[in-house]
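To start, the structure itself, in structure tokens.
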Amino acid sequence: MSDGFFYSYHLGWSRPDSESLFNDLDAAGLRLSHPVTRRVTLLGPGPGPHGIPSWVTREQLVLLAGLQRLDSVDFVLWMNSGTEVPARIRRMGDGVVALEFGFGRLSRDEQEVAARAIREAIGRASVLCIGFVVDREGASVATDWSGVVINGTTCFDSWPDTLAVRHEIAATQPQLAGVASFDQSPWMLFGSEVPVR
Numbered sequence: 752m753s754d755g756f757f758y759s760y761h762l763g764w765s766r767p768d769s770e771s772l773f774n775d776l777d778a779a780g781l782r783l784s785h786p787v788t789r790r791v792t793l794l795g796p797g798p799g800p801h802g803i804p805s806w807v808t809r810e811q812l813v814l815l816a817g818l819q820r821l822d823s824v825d826f827v828l829w830m831n832s833g834t835e836v837p838a839r840i841r842r843m844g845d846g847v848v849a850l851e852f853g854f855g856r857l858s859r860d861e862q863e864v865a866a867r868a869i870r871e872a873i874g875r876a877s878v879l880c881i882g883f884v885v886d887r888e889g890a891s892v893a894t895d896w897s898g899v900v901i902n903g904t905t906c907f908d909s910w911p912d913t914l915a916v917r918h919e920i921a922a923t924q925p926q927l928a929g930v931a932s933f934d935q936s937p938w939m940l941f942g943s944e945v946p947v948r
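Quick note, our numbering runs 751 ahead of the 1-based positions in the sequence shown.
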């Protein structure tokens with residue numbers, strides 16, 4: 752297993768955004784409800800790497816994930832196989848919300864399915880998404896990716912599989928200068944998954 756992850760950063764966030772995200776993830780194969788028990792799992796503070804699970808309704812999680820009353824919500828998404836994908840939606844500064852998905856418990860094939868599902872879901876909301884980073888192995892997990900994606904001021908030691916930033920960030924972040932990229936509006940894509948021209 753790895754410390755792999757998919758992080759995305761969004762401007763503005765509300766209950767309709769969380770509902771749309773969960774609907775899109777569900778349609779792409781990442782579900783809020785466990786494939787057998789049908790339980791929706793909220794993760795609360797507590798011992799262990801992901802906290803203490805409690806069961807809520809889908810509607811309750813949609814409401815909580817809208818971040819109207821909380822600054823952060825941790826929960827579990829499920830693959831069809833029953834493998835869990837820990838996730839967090841958290842409010843950052845300047846109206847930015849981070850969506851964080853952990854790939855640590857997923858096989859390589861499951862990582863591909865999860866990354867594709869998340870990418871499709873955030874792609875539908877690309878107006879809100881200001882950038883994202885995918886690192887299946889987690890080699891760059893210690894990097895402050897919000898600093899790279901949001902304002903381009905943070906440097907990184909390890910390249911992720913994919914880094915998507917706004918055009919203005921790509922133009923000012925020194926490590927991205929002269930690196931092969933692909934324009935996929937509203938982002939510039941960098942990394943090993945960028946098509947070779």
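We treat Cβ as the ideally placed atom computed from N, Cα and C, and that holds for glycine.
Within the same chain, show all residues whose beta-carbon is closer than 8 Å to that of residue i, passing over the 5 residues directly before and after it, in chain order.
| i | result |
| --- | --- |
| Pro796 | Gly802, Ile803 |
| Trp829 | Leu781, Arg782, Leu783, Ser784, His785, Pro786, Glu835, Val836 |
| Thr913 | Phe883, Val884, Val885, Leu940, Phe941, Gly942, Ser943, Glu944, Val945 |
| Asp822 | Arg841, Arg842 |
Leaving aside the five residues before and after residue i along the sequence, list all residues of the same chain whose C-beta is less than 6 Å from its C-beta, in chain order.
| i | result |
| --- | --- |
| Arg839 | Asp825, Glu851 |
Excluding the 5 residues preceding and the 5 following residue i in the sequence, name in chain order all residues of the same chain whose CB lies nearer than 7 Å to its CB.
| i | result |
| --- | --- |
| Trp896 | Tyr758, Val884 |
| Asn831 | Gly780, Pro786 |
| Ala868 | Leu776, Ala779, Gly780, Leu781 |
In this structure, does DSSP put residue i in helix, strand or coil?
| i | result |
| --- | --- |
| Ser897 | helix |
| Ala868 | helix |
| His918 | helix |
| Pro837 | strand |
Using alpha carbons as the reference points, say which of the options lies closest to residue i.
| i | options | result |
| --- | --- | --- |
| Ala849 | Val900, Arg820, Ala890 | Val900 |
| Val949 | Thr808, Asn902, Phe941, Arg917 | In the structure as shown, the chain starts at 752 and stops at 948, and residue 949 therefore has no counterpart that could be examined. |
| Ser936 | His918, Val827, Gln924 | His918 |
| Asp845 | Pro925, Gly898, Pro911 | Gly898 |
For residue i and residue j, I'd like the C-alpha separation in whole angstroms.
| i | j | result |
| --- | --- | --- |
| Arg948 | Val791 | With a pLDDT of 47 at Arg948, under the threshold of 50, the modelled position of that residue is not reliable, and the figure given next carries that caveat. Between Arg948 and Val791, the C-alpha separation is close to 44 Å. |
| Leu879 | Gly763 | 7 Å |
| Arg870 | Gly903 | 21 Å |
| Val892 | Gly855 | 11 Å |
Handout entry: Stretch pair the region 770-782 + the region 809-824: three plus CB contacts closer than 8 Å
Key = In short, these stretches touch, since the Cβ pair count reaches three.
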